Amino acid sequence: MSVYFLCLVLFSIGLYCTLRKRNIIKIVIGLGIIEYAVNLFFVLVGYKMAGRSPILSPNQAIENMVDPIPQALVLTAIVIGLAVTALIVAIALRIYEKYGTFDITKIKRLHG
Amino acid sequence: MNNFIPFFVIIPLGAAFLISLVGKLSRRLADFLATSGGFGLLALSFFTLWILNSRAGVVLVYKVGGWVPPIGICMAVDNLSSLMLSTVNTVSFLVLLYSLSYMEKYTDKWKFYTLFMLMLAGMNGIMVTGDLFNLFVFLEIASISSYALVAFGTEAEELEASFKYAVMGSLASSFVLLGIALLYSYTSTLNMADIGRTLAAHPAGLLLNFVAVLFLAGFGLKAALVPFHAWLPDAHPSAPAPISAMLSGVFIKVLGVYALSRVFFNILGVSQGVLFILLILGTVSMVAGAFLAIGQSDIKRMFAYSSVSQIGYIILAFGIGSPLAIFGGLFHLINHAFFKSLLFLNSGAIEYSAESRDLKKLGGLKEGMPFTAATGIVGSLAISGLPPLGGFFSKLIIILAAVQAGYLWLGLAAALVSILTLAYYLKFIGFAFLGKLPEGLAKIKEVPLAMRLAMLILAVACLASGLLVAPLFKSLLQSASDCLLLGTGYAERVFSAIR
């Protein structure tokens, strides 16, 4: 149970970082933390204490296996997360070129 | 028989791949590939619509790789998805037609087409998929390409808007993924129909409420409902006009409204609590969006707030939950797809010729650009609900449904917001098209043919969409709203189609 609680703590740290930090790079890091908290939770859903890897071989009984589906899904989610992070970091760099600052409170030409 | 369903994803993905390969070599080839891809999707979606409406109560199911669901992944298209597919692919084809001329002023047009096709692949994928994790993957494909498209001009404002949008969008995706993880931990399946069946057999209690909140926040952010709307008025105006038309016209409806209604009505099953929350969110968005729109002087920003307001109407209708209300909500969704994309294309045409979209600097455009003015006025009157046009009927049905269900005040609010809508669209017509032409714009020219053609077809669609309530076409909307009203009976339908 405590691992799930720790996942929640990690998620909250990420959320705090995204919402409260002024540096846009730190906001991107916060997003990464949120993403990994969710991924970690998803892997834990399929994890079994002292389970074995889900590989079917002729002379083994199907018992006490770790659920492989969350692992496959999290792999996909990590790849998607990589794409999002790469894009946001690229945008953040271009913002720095245009505005000369990473401070989110000074990046506000849009309003209304 | 159902082998054509994956082509909704294959065509745009293949087009994106080919365009990125050959786009650098020849501009014309990229134009040709994108437009023909768009046309192929248009034909395919109307073919699907025709098949589904010739037989009642059918779901077309395609088993990916021949694996039988719920073990394998399946794609399921029912009347609701096919109606949405037709709307989305019609709008996207016309937007592609418009981009032929409009995007000429940007460098690297082929990059635009590549991203556009990826976004289209994501949106079509969301509508055809029958698997919850697939839905998440397609949601992300569509979102990532839309973040890039918002920043396409790489000016300071565009980058800022894109950053805001990307941060809020990926937060929303995390919420959706967390919801999917929790649902998987309870039901041990990802097939949408199977999840629905398992939840009906073993009610999940509190867990379901938590999952509902996560999905509401996630999809609500994508649909830009009011507490989550802050990114939309920045992101939609900053994108190039064809992309604004796509984002406001269909994107928020597919990622937000369609995904939300599919998950809540057909998988989780709606409870009174969820309906009440939708009702509140819808009403608040409807009213707040309209009040915020009135004060704007930037044309596209005004239209963006108007989108928030009109999405509010649709969610309000779904929140009422009666058959008439859902019928009206879907009708308004289709109407809004047509007139909002028309209006954004108009704003693009104004920006193209007058090089400004500030209402204070414009005026008298009906002289230089009679065509843009005529279509713009049709679009504005349709969205404000002038009687013979489609917007009038859909709003009337929603208001009637609200009164019928006992929400007299909500009906009144919807009627008042409709008047507000008329007010700010009259402001748009008055400041942009009527009055005296400013001196700097004396030699203004009408936009090129491809742009005019796209606007003309959309204007005709706005004029004709009122016909959807006519007896001949009513079954289209009726069967689509029946899909949502079916509730968790969706699972039975999908499984009977597999057998």
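Line order of the protein sequences matches chains A and B.
So the first sequence is numbered by my numbering: it starts at 938 and just counts up by one.
So the second sequence is numbered by my numbering: it starts at -7 and just counts up by one.
The beta carbon of each residue, even a glycine, is placed where N, CA and C say it ideally should be.
Given the structure is predicted, the values throughout are model-derived calculations rather than measurements.
Contacts that residue i makes with chain B (C-beta to C-beta distance below 9 Å)
i: A/I964; result: F155 and V159
i: A/V1021; result: E132, S135, I136, Y139, A158, G161, S162 and S165
Interface flag, residue i vs chain B, CB-CB below 8 Å
i: A/I992; result: no
i: A/E972; result: yes
i: A/I999; result: no
i: A/F978; result: yes
i: A/T955; result: yes
i: A/I1017; result: yes
i: A/L947; result: no
i: A/I961; result: yes
i: A/L943; result: no
i: A/V940; result: no
i: A/I950; result: no
Proximal residues of chain A, C-beta to C-beta of residue i below 8 Å
i: B/F125; result: L1010 and T1013
Any non-hydrogen atom of the ligand FAD closer than 7 Å to residue i Cβ
i: B/E147; result: The ligand FAD is absent from the structure shown, which contains no ligands of any kind.
Partners in chain B for residue i, counting only beta-carbon separations shorter than 8 Å
i: A/K1035; result: E147, A148 and L151
i: A/R1031; result: A143, T146 and L151
i: A/V975; result: S166, L169, L170 and A173
Whole-Å CB distance - residue i paired with residue j, under 8 Å assumed
i: B/L455; j: B/L381; result: 6 Å
i: A/I1013; j: B/V395; result: Reading the sequence as shown, one finds Thr at residue 1013 of chain A and not Ile. Going by Cβ atoms, the distance from A/T1013 to B/V395 rounds to 47 Å, so no, they are not a contact pair.
i: B/A405; j: B/R189; result: At roughly 38 Å, the Cβ-Cβ gap does not stay under 8 Å, so B/A405 and B/R189 are not in contact.
i: B/A324; j: B/I390; result: In the sequence on display, residue 324 of chain B carries His and not Ala. Right, their Cβ atoms sit about 6 Å apart.
i: B/N(-6); j: B/S471; result: Between B/S471 and B/N(-6) the Cβ distance is about 18 Å, and since that is not below 8 Å, they are no contact.
i: B/I3; j: B/L33; result: 6 Å
i: B/V80; j: B/V51; result: B/V80 to B/V51, Cβ: 19 Å. No contact.
i: B/L322; j: B/L469; result: 6 Å
i: B/L476; j: B/L72; result: 6 Å
Beta carbon proximity, residue i to chain A, threshold 8 Å
i: B/S177; result: yes
i: B/L198; result: no
i: B/L170; result: yes
i: B/D350; result: no
i: B/A173; result: yes
i: B/D226; result: yes
i: B/V129; result: yes
Neighbourhood of residue i by C-beta, 6 Å cutoff - its chain only, sequence neighbours within 5 removed
i: B/L414; result: S376
i: B/L357; result: A365, A424 and F425
i: B/F220; result: G212 and L213
i: B/A296; result: L224, P225, H228 and P229
i: A/P1005; result: P991
i: A/F979; result: P1007 and V1011
i: B/M111; result: A134, S137 and S138
i: B/V218; result: V276, S277 and A280
i: B/V14; result: L21
i: B/V205; result: none
i: B/A216; result: L224, I244 and V300
i: B/G114; result: F130, I133 and A134
Sequence-distant residues of its chain with Cβ nearer than 8 Å to residue i (five each side left out)
i: B/A251; result: I118, L127, L131, F211 and K214
i: B/D59; result: According to the sequence displayed, residue 59 of chain B carries Trp and not Asp. I65, listed in sequence order.
i: B/G261; result: G188, L191, A192, G479 and T480
i: A/R989; result: N1001, M1002 and V1003
i: B/E467; result: According to the sequence displayed, residue 467 of chain B carries Ser and not Glu. Closer than 8 Å at the Cβ level, and outside the excluded window around B/S467, lie N45.
Nonlocal neighbours in the same chain, by C-beta distance under 7 Å from residue i, ignoring five residues either side
i: B/F513; result: This structure cannot settle anything about residue 513 of chain B, because the visible part of chain B is limited to -7 through 491.
i: B/N338; result: T364, T367, G368, G371 and M447
i: B/A7; result: L25, A26, G29 and M109
i: B/N183; result: P61, P62, C66, G122 and D123
i: B/F331; result: G371, A374, I375, G383 and C454
Interface partners of residue i on chain B, CB under 7 Å
i: A/I1044; result: E152
i: A/V982; result: A173, Y176 and S177
Closer than 8 Å to chain C by CB, residue i
i: A/K963; result: The structure shown contains no chain C; its protein chains are A and B.
Exercise for the section: Decide if the region 300 to 319 of chain B is in contact with the region 234 to 250 of chain B; the criterion is three or more beta carbon pairs, one per stretch, under 8 Å apart. Expected result: yes
Handout entry: the region 79 to 88 of chain B / the region 136 to 156 of chain B touching (three or more Cβ pairs under 8 Å)
Key = no
Handout entry: Three-pair Cβ contact test at 8 Å for the region 305 to 314 of chain B versus the region 273 to 291 of chain B
Key = yes
Handout entry: contact_flag[the region 316 to 330 of chain B, the region 425 to 438 of chain B] where n(CB pairs < 8 Å) is 3 or more
Key = no
Problem - Cβ pair count under 8 Å reaching 3, the region 152 to 159 of chain B against the region 281 to 292 of chain B - result: no
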